[in-house]
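Residue numbers (this note's numbering), protein chains in the order written: chain A, 166 to 562; chain B, 2 to 342. Idealized CB from N, CA, C, for every residue including glycine. Bear in mind the structure is a predicted one, so any value in this text is a computation, not a measurement. Working notes, beginning with the structure itself.
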Amino acid sequence: MAEVTVLAGSGDQMVAEAFRQANPDVLPVYPITPQTIIVEEFDKFVAEGRVHTEFVPVESEHSAMAAAIGASAAGARTVTATASQGLAYMWEQLYVAAGMRLPIVMANANRALSAPINIHGDHSDILGARDSGWIMYFAENAQEAYDDTLMAFRVAEHPDVMLPVATTLDGFITSHALERCELMDDETVAKFVGEYKPEHSLLDTDNPNSYGMFANLGNFYMETKLAQRKAMEKAMPIIKAVGEEWEAISGRPFDVVKTFGTEDAERVIVVMGSSTGNCRAVAKALREVGEKVGVVSLRVFRPFPTEELAAALKGAKAIAVMDRAETVGGEGGPLWQEVSACLHSAGNTAPVRDYMYGLGGADVTLELINDIFNDLKTLEADKAAGTVPAVTYKGNR
Amino acid sequence: MANIKQLSELPQRLSPGHSMCGGCGATIAVRQVLMGAGKTPVVCGAATGCLEVSTTTFPFTSWEGGFIHSTFESAAATMSGVEAAFRGLKRAGKIPADKQIKFVAFGGDGGTYDIGLQALSGALERGHDFLYVCYDNGAYMNTGIQRSGATPYSAWTTTSEVGNAVPGKRHFEKDLTSIVAAHHIPYAAQASISNWNDLVTKATKAMDIDGPTFLNVLAPCPRGWRVPFDQAVKIADLGVKTNYWPLYEVENDVWKLTENRKKLPIEDFLQPQGRFRHLFKPGNEHLIKEFQTNVDRHYAYIQARVEGSKVYQQKLEEAGLPLVSDDALAMQSGSKLPFQQ
Ligand SMILES: Cc1ncc(C[n+]2csc(CCOP(=O)(O)OP(=O)(O)O)c2C)c(N)n1
Ligand code: SF4
Ligand SMILES: [Mg+2]
């Protein structure tokens, strides 16, 4: 029988617990705020002999991902964690991990990128890596960070997927704040996560394998990319099936796209990560006084949940996208681009407005969200009048 | 020590048919190093560079055993992950405890002296059990002969051009082997493809040691050095005989030099190489002199390290200290130490 311990946990701590329960073979890691608690907590498990993991305290994030690549190619269940400059420093290795089809699981405590240096939460780091070929989860709270991390192993290591997975949690708001969390017992988790049985391994000296070769002839490179795209497509139903399985065990619902009020909402906010709760709270208050507002939050960003998002936005008459990462010089932020493309494919012509918010941990207040819902009332007319900028910055002084 | 006949009976671990230039020193280095593994299975890695791109053109490979390449600067870090997996999986009982594999990572001088130095340093400090081999051809050959931290003083490369204002590379080579030795790893050595017996012996020694080991191998690039394609071994031999490339080893901080008793003048090494042609124009004798001075100074430096090692051993003996401690060895190999909290 599943046994649950209720505790006051931070997102980082819950990720460390998930890592412990998955008992990885190798964990190469380098510390960076706001991910450090994950590293520190996990090293305690190592020091106490509670995991069999080979802990590799590398000298940089570049080497963390390089070592993760080596370990995963060698058939080891491999995890790591990073944030911000660390993720940026890994950049070229992220593509290598995905191109080699290595099921590495990495937690990213989403944080702003320098300059100016800022240690708080936003999505600049992880969305900068959106094209690297990693599956990406966005947790709303510490509980989801835990759940996503456990599910990640099942998805990454699934023979039809074999892609690295980043489970992300917003810096400080989710990584550090204490929340009520449920920790599943080790045995139940071990059974759910299962053992990783690699099809190929660098250590199989009877059947030697090569990793990271020079694909410069013909179309081999393009074929590899197509194979990655197909694996991403295959990942979506697997993400859902694994989510359902975990839902049955944990009792917590899993949806790649979470919706609130969308059954009749006319004005809808699309958001990801820790601000989802605030958006929901505002929407709830507004709905209580009869306003038809709703919230859509993406729990999975890669593969992009096009169908699910299109369905959630079907009845919307005005849509706001909340972007927590800049694409300086782009027409709109990264989430706006994806949402717009999705709506276009679905033939949905509802007006969309892009909001830049919470960069570098700028406060995401209820008033700010309330304002956005208000703006949406006249979006159609404002757009026609040409008074809507490409990107609206919210929450600046 | 091995003889040619014995070596010829060993498995060949790098097959012909790759696209390295004919006569390239790098492949000779790889083949000699891997002979050092005897019959034990080997898993190799490489940094981006001539060796990697030319031996792994998909869907072909020249590597007989497992092979991995991730990026230019991370051959050491990548191999440290492979080796960590070997330990982790053994500890988890997922692979047999007695399974034997030798791990060898190859990097060019660019991938080792320069961009990969940090990753190498980290891997050495963490004590991973693998051999790192730098095949030193003194420039970024794969991208078209650009200068590296290993390019000799005054050499022409495409980024140390020779012109009216500049006489080739302005800076002296980085002393990589000493940098590595400063990590106090169990074994670091310098070898050359011209001295095959010395090289294979050193490779065997390095691979038999539990812990991080390092070989810096002089591996001339005929194309970049501007010598005929059949001259790689000959020019490496001159590198050794002129003391440009002293053969030495550092075992547990004890330096041993293969003394070169018949030192040839540095011109013998420089003259055949097109990359040094400008040094032989009248009026440039001072550059050759400076080159010679630096070579002699470096040789004296190595000799001093050898002398110093004798003093070091004497001091250890006086103080009753071991050269290597058992606890350190146990720690290195990841065995459990007796410990009370
Ligand atoms: C991060 C990065 N920077 C630059 C390059 C381009 N590059 C590839 S190989 C190479 C030079 C390799 O030189 P070296 O390590 O000496 O090996 P060689 O080609 O001489 O054998 C360079 C600069 C790269 N692949 N990655
Ligand atoms: S360019 Fe030089 S190092 Fe590269 S393959 Fe040719 S000879 Fe070898
Ligand atoms: Mg080179």
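Please state if the CB of residue j and the CB of residue i are separated by a distance shorter than 9 Å.
i, j, result
"SER415 (chain A)", "GLU347 (chain A)", "yes"
"PRO499 (chain A)", "ALA490 (chain A)", "yes"
"GLY235 (chain A)", "ILE69 (chain B)", "yes"
"PHE207 (chain A)", "ALA181 (chain A)", "yes"
"GLU344 (chain A)", "GLY459 (chain A)", "no"
"ALA483 (chain A)", "GLU545 (chain A)", "yes"
"GLN33 (chain B)", "VAL296 (chain B)", "no"
"ILE203 (chain A)", "GLN178 (chain A)", "yes"
"VAL239 (chain B)", "LEU280 (chain B)", "Reading the sequence as shown, one finds Leu at residue 239 (chain B) and not Val. No, these two residues do not count as a Cβ contact at 9 Å."
"VAL1 (chain B)", "LYS257 (chain B)", "Within the shown structure, residues of chain B are numbered from 2 to 342, placing residue 1 (chain B) beyond reach of any answer."
"THR247 (chain A)", "VAL194 (chain A)", "yes"
"LEU278 (chain A)", "ASP296 (chain A)", "no"
"GLY89 (chain B)", "THR158 (chain B)", "no"
So, with DSSP's three-state summary, where would you put residue i?
i, result
"SER462 (chain A)", "strand"
"GLY174 (chain A)", "strand"
"PRO222 (chain A)", "strand"
"ASP429 (chain A)", "coil"
"GLN147 (chain B)", "strand"
"TYR195 (chain A)", "coil"
"ILE203 (chain A)", "helix"
"VAL330 (chain A)", "strand"
"THR492 (chain A)", "coil"
"MET349 (chain A)", "strand"
"SER326 (chain B)", "coil"
"THR343 (chain B)", "Given a span of 2 to 342 for chain B in the structure shown, any question on residue 343 (chain B) remains unanswerable."
"LYS257 (chain B)", "strand"
"ILE252 (chain B)", "Checking the sequence, you will find Glu at residue 252 (chain B) rather than Ile. If DSSP states are grouped into helix, strand and coil, GLU252 (chain B) belongs with the strands."
"LYS263 (chain B)", "coil"
Consider the C-beta atom of residue i and the heavy atoms of ligand 1; say whether any pair is separated by less than 8 Å.
i, result
"GLY108 (chain B)", "yes"
"TYR260 (chain A)", "no"
"PHE73 (chain B)", "yes"
"GLU226 (chain A)", "no"
"SER149 (chain B)", "yes"
"ASN217 (chain B)", "no"
"CYS222 (chain B)", "yes"
"ASN306 (chain A)", "no"
Where residue i and residue j are concerned, what is the direct C-alpha to C-alpha distance, given to the nearest angstrom?
i, j, result
"GLN250 (chain A)", "GLY145 (chain B)", "32 Å"
"LYS95 (chain B)", "GLN101 (chain B)", "14 Å"
"ALA485 (chain A)", "THR57 (chain B)", "50 Å"
"ASP547 (chain A)", "VAL517 (chain A)", "11 Å"
"ASP335 (chain A)", "ARG298 (chain B)", "57 Å"
"SER340 (chain A)", "LEU315 (chain A)", "16 Å"
"ILE289 (chain B)", "VAL163 (chain B)", "15 Å"
"ILE537 (chain A)", "GLU473 (chain A)", "23 Å"
"GLY438 (chain A)", "PHE385 (chain A)", "37 Å"
"ASN153 (chain B)", "THR557 (chain A)", "The question names Asn, but residue 153 (chain B) is Pro in the sequence shown. If I take the Cα positions, the gap works out to 57 Å."
"PHE87 (chain B)", "GLY495 (chain A)", "46 Å"
"LYS423 (chain A)", "MET230 (chain A)", "31 Å"
"GLU565 (chain A)", "ASN374 (chain A)", "Look at the range of chain A in this structure, 166 to 562, and you will see that residue 565 (chain A) is not part of it."
"GLY275 (chain B)", "GLY37 (chain B)", "33 Å"
"ASN244 (chain B)", "GLY66 (chain B)", "35 Å"
"ASN443 (chain A)", "VAL223 (chain A)", "38 Å"
"SER63 (chain B)", "HIS19 (chain B)", "6 Å"
Regarding residue i and ligand 2, is the C-beta to nearest heavy atom distance less than 8 Å?
i, result
"CYS135 (chain B)", "no"
"GLY225 (chain B)", "yes"
Would you say residue i touches ligand 3, meaning its beta carbon is less than 8 Å from a heavy atom?
i, result
"SER1 (chain B)", "Because chain B is modelled from 2 through 342, residue 1 (chain B) falls outside the range shown and cannot be assessed."
"GLY50 (chain B)", "yes"
"TYR141 (chain B)", "yes"
"CYS25 (chain B)", "no"
Checklist entry - Taking a cut of 7 Å between CB atoms, which residues from the region 23-47 of chain B lie near chain A? => result Within the region 23-47 of chain B, the residues whose Cβ lies closer than 7 Å to some Cβ of chain A are PRO42, VAL44, listed in chain order.
Checklist entry - Mind listing which residues of the region 110-128 of chain B have their C-beta closer than 9 Å to chain A's C-betas, in chain order? => result From the region 110-128 of chain B, only GLN119, ALA120, SER122, GLY123, ALA124, GLU126, ARG127 have a Cβ closer than 9 Å to chain A.
Item to check | Positions along the region 241-267 of chain A whose CB lies within less than 7 Å of some CB in chain B | outcome: Cβ contacts with chain B: ALA241, GLU257, GLN258, VAL261.
Item to check | Within 7 Å of chain B by C-beta, residues of the region 379-395 of chain A in sequence order | outcome: Residues of the region 379-395 of chain A with a C-beta atom less than 7 Å from some C-beta of chain B are PHE379, ALA380, ASN381, LEU382, PHE385, listed in chain order.
Checklist entry - the region 345-372 of chain A: which residues have C-beta closer than 7 Å to a C-beta of chain B, in chain order? => result Residues LEU367, LEU368, THR370.
Item to check | Near-chain B residues of the region 451-478 of chain A (beta-carbon distance less than 7 Å), N- to C-terminal order | outcome: Hits within the stretch: zero.
Next on the checklist: Which residues of the region 277-290 of chain A have a Cβ closer than 9 Å to any Cβ of chain B? Give them in chain order.
Outcome noted: Residues are counted here when their Cβ sits less than 9 Å from a Cβ of chain B; for the region 277-290 of chain A the count is zero.
Next on the checklist: Short of 9 Å Cβ to Cβ, which residues in the region 222-235 of chain A face chain B?
Outcome noted: For the region 222-235 of chain A, which is checked against every Cβ of chain B, the residues closer than 9 Å are PRO222, VAL223, GLU224, SER225, HIS227, SER228, ALA229, MET230, ALA231, ALA232, ALA233, ILE234, GLY235.
Item to check | Proximal residues, the region 236-253 of chain B versus chain A, C-beta separation under 7 Å | outcome: Flagged: no residues at all.
Next on the checklist: Output needed in chain order: residues of the region 74-95 of chain B with a Cβ under 9 Å from some Cβ in chain A.
Outcome noted: Residues GLU74, SER75, ALA76, ALA77, ALA78, THR79, MET80, SER81, GLY82, VAL83, GLU84, ALA85, ALA86, PHE87, ARG88, GLY89, LEU90, ARG92, ALA93, GLY94, LYS95.
Checklist entry - Between the region 194-211 of chain A and chain B, which residues of the former have a C-beta closer than 7 Å to a C-beta of the latter? => result Against chain B - using a Cβ distance shorter than 7 Å - the region 194-211 of chain A contributes no residues.
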